[in-house]
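Line by line, the protein sequences give chains A and B.
Taking my numbering, the leading residue of the first sequence gets 7, the next gets one more, and so forth.
Taking my numbering, the leading residue of the second sequence gets 1048, the next gets one more, and so forth.
Each residue gets a CB set at the ideal place from its N, CA and C atoms; glycine is no exception.
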Amino acid sequence: MSGGSAGEIHCDVDFNVNDTPRSICALVERLTPLFAPSLKRGHLDLSDCKYLGPDAAVIIVATVLQYQSKSRELRVTLPLAPPSLTAFCEFSALKHYVSNSPYPGEHPESVTVPIKQFAASNFSRDPDPILRLVRQHVAIDLETEDYVRVCVNEVIQNVQDHAKSPVGAIMCARFIQKSGEVRVAIADRGIGIAASLRHRYPEIRTAKQALEKVIGGGVSARSRPSNMGCGISNLCNVIVNVLRGELFIISGEGMADGAPGHAIRSRDFTAGFPGTGVFFTIPVT
Amino acid sequence: MTIDASKFLDKQGLAVESALLLATAVLDHLGRGETVEVSMVGMRGVPSSYFNVLLSRIVDGFGVGAMDGRVTFRFDTRTQREIFHGSLESVRRSVA
């Protein structure tokens, strides 16, 4: 990070952001100076980065959109190489969101679901773009298809009900051919799970505790009277126990991750993420 | 009386609003003394909020006992059944 021209903060992301919890944390830590609400102008330089996935894309786009929503300016310099990364920036719509350049449309052989901004979940939409992408590559059974939809909808419903995110939810996904998995990334720039719960559960002091509570189930901010605290616990159960996938949640100063055979573990994340990000990988073959 | 949940979708496909539409129809039939079967056939990706709203309305109107026979559900995926049972447990807990 360095001070740029006329009070502009400059952040370099000069490492690869693959879709792992460690990588997501490193990206968020690097972006932290840009999250300052008082900052009017920022510059995010990704030119030395050689890999970005859907996780990085949604975090970057959510940040850009939040700047725009407050009439602030965040310039983003995208990588110019390698070709696979520049193609990802084009066809995932990352370039479109960060520079207002026209979106070229989906690549016919794309393995990426372009970035999309949601104000609310639309659980009946069909065909869901993630499933359409998966079906282009492999056959997917009805049960797995339904589980994928439920996972996405639980996350987006939570954003809609609790997050108070000025940019809604940003989603991107990628089909990983080598392993037959789909990676889904959804981020918001809302108040975070702990802040949402705290008015009803003042005993919750940390984001880590808040994550433990919602993962356990039965704890809800009750932003709507019908909220029962099922969403995140369903999500964790479906992804880790039923589908044998991997899950990572980052919210404020807490994070949690789970994988088959391991209990979902919550931890502190001192750098803090201004909102909530949910990232998961599901085997679909 | 069988009510097809897929006929009660909010125009924007919103889960909670769709559940409210369906709940109104279910309550209407229950109010006439009928038993109701709710068919979830063809409904995909239904999040817990959908069942929370639907079941809360039924329980508010006719008590938790309504779920023991007067209202039944037909599912065509295991996913629906699991999400439904999670919500039903939560709704029962909330009125206990």
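Taking a C-beta distance under 9 Å as the contact criterion, A191/A and G281/A do not qualify as a contact pair. Under the DSSP assignment, L1135/B falls in the alpha helix (DSSP H) whose first and last residues are 1125-1142.
At a Cβ-Cβ threshold of 9 Å, L71/A and Q142/A do not count as neighbours. Not flagged as an interface residue toward chain A: E1081/B, since no C-beta distance is shorter than 9 Å. Contacts with chain A at 9 Å (Cβ-Cβ) do not include R1117/B.
Judged by beta-carbon spacing, R1104/B lies within the 9 Å limit of A1070/B, meaning their Cβ atoms are closer than that value. Burial check for T1124/B: the Cβ neighbour count within 10 Å reaches 16 or more, so the residue is buried.
C236/A has a beta carbon lying within less than 9 Å of a beta carbon in chain B. Note that the segment 153-166 of chain A touches the segment 233-251 of chain A; at least 3 beta-carbon pairs, one per stretch, sit closer than 8 Å. In the DSSP assignment, C31/A falls within the unbroken alpha helix (DSSP H) covering 27-37.
Rounded to the nearest whole angstrom, the C-alpha separation of S1137/B and R230/A is 15 Å. Bridge partners of C17/A according to DSSP: L50/A. An exposed status is given to R206/A, since fewer than 16 other beta-carbon atoms sit within 10 Å of its beta-carbon. Note on M177/A: 16 or more other CB atoms within 10 angstroms of its CB, so buried under the neighbour-count rule.
Per the DSSP secondary-structure output, S257/A pairs in a beta bridge with G260/A, T282/A. In the DSSP annotation of this structure, the continuous segment of the alpha helix (DSSP H) that includes D152/A starts and ends at 148-164. When secondary structure is reduced to three states using DSSP, L1061/B falls in the coil class, being assigned neither helix nor strand. Nearest to A277/A by C-alpha distance, out of R271/A, M261/A, S226/A, P108/A, is M261/A. For the segment 163-196 of chain A, the set of positions with a beta-carbon nearer than 8 Å to some beta-carbon of chain B reads Q163, D167 in chain order.
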